[in-house]
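I have placed the structure first, in the form of structure tokens, so that the comments after it can refer back to it.
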Amino acid sequence: MIQKWWPGHQDSFAWKIHGHSRDAKILTTTFSKKRSIQMPEGNSTGQTVAGLILAAGESSRMGKPKQLLPVKGMPLICTMVAEALASKLDKIVVVLGHQAQKIMHALENDGLLTKVRVVYNELYRLGMGTSIRAGMQQIERHCDHVMIILADMPHIDSNLINRLLTKYIHSGKDLGAVKIQGRRSHPVIFGKRYFPELLRLEGDTGGREIFAAYRNSALLVDAGPSYREIDLDTPEDYDKLGRTEL
Numbered sequence: 022m023i024q025k026w027w028p029g030h031q032d033s034f035a036w037k038i039h040g041h042s043r044d045a046k047i048l049t050t051t052f053s054k055k056r057s058i059q060m061p062e063g064n065s066t067g068q069t070v071a072g073l074i075l076a077a078g079e080s081s082r083m084g085k086p087k088q089l090l091p092v093k094g095m096p097l098i099c100t101m102v103a104e105a106l107a108s109k110l111d112k113i114v115v116v117l118g119h120q121a122q123k124i125m126h127a128l129e130n131d132g133l134l135t136k137v138r139v140v141y142n143e144l145y146r147l148g149m150g151t152s153i154r155a156g157m158q159q160i161e162r163h164c165d166h167v168m169i170i171l172a173d174m175p176h177i178d179s180n181l182i183n184r185l186l187t188k189y190i191h192s193g194k195d196l197g198a199v200k201i202q203g204r205r206s207h208p209v210i211f212g213k214r215y216f217p218e219l220l221r222l223e224g225d226t227g228g229r230e231i232f233a234a235y236r237n238s239a240l241l242v243d244a245g246p247s248y249r250e251i252d253l254d255t256p257e258d259y260d261k262l263g264r265t266e267l
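Residues in the sequence shown are numbered from 22 upward in steps of one, following our numbering.
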């Protein structure tokens, strides 16, 4: 059981932490977004799509928490959460690990903390697969599809999320991803059929392996010429972003 979390103070969000599984602690919040995807002519599909933002990594190559680096005027994690909240996704789950308390402070300071559900992955050092699994434990029973969003890829904005989401729902497929400059990129989206496999992920195995196994049945949505993939792993990556994006 984790005891030291978010010391309540006046006007602060009160956290309650539960031992939910062997690898995740749930930081109890409420989902503030609850709607169906609005399709053309006002029709609703009635299908619920969650956004799963992975932000648990140690940022070892960056040398400091990249989730807190300023991007578009806010800490990166806040930029990514704000874009997801501005999209047509129904629910947002954020998985934290390394420096989770500092990241939660950043989310609260920008008024975002109570708008998402936060999951703490105790096994974050073992790799991305454990974070996907921790997040999916909160999604599997409540949603029909999940879009996985990597928190260190700031090319992912609400327009790109909506483009993938709309074309994916219209296609009738249950696996999809964005394509940038001819190559598969992020975000990616999985239908309920794939939830059991996502829940079995371990170590550094991510959704890429599942996608590769079923690539012939996947939908690839071209992001358009204005997008280029941005993956912030090193100080050089961030410096390059600063010269072109900030």
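C-beta: ideal position from N, C-alpha, C; glycine also.
Predicted model only: the values in this text are computed from it and were never measured.
Rounded to whole angstroms, the gap between the alpha carbons of Q159 and V137 is 12 angstroms.
In this structure, the beta-carbon distance from L75 to A172 falls below 7 angstroms. R221 and P96 have their alpha carbons spaced roughly 31 angstroms apart. Fully contained in the segment 220-258 are the following alpha helix (DSSP H) runs of length 4 or more, in chain order: 228-234. Residue pairing by DSSP puts G197 in a beta bridge opposite I210, L240. By the beta-carbon neighbour count (other beta carbons within 10 angstroms, threshold 16), H166 is buried.
Beta-bridge analysis with DSSP links V116 to L75, V140.
Runs of the alpha helix (DSSP H) spanning 4 or more residues and lying entirely within the segment 124-177 occur at 149-160, in chain order.
Between the segment 82-96 and the segment 144-164 there are fewer than three C-beta pairs closer than 8 angstroms, too few to call the two in contact.
For S179, the CB contacts under 7 angstroms within the same chain, skipping 5 residues up- and downstream, are E104, A107, S108 in chain order. CA-to-CA, the gap between E143 and R154 works out to about 12 angstroms. In this structure, the CA atom of G156 is about 7 angstroms from the CA atom of L73. In this structure, D131 sits away from T69, with a CB-CB distance that is not shorter than 7 angstroms. Residue state for M83 is assigned as coil, using DSSP reduced to three classes. Its chain contains Y141 as the residues whose beta carbon lies nearer than 7 angstroms to that of A121, once the 5 sequence neighbours on both sides are disregarded; these appear in chain order.
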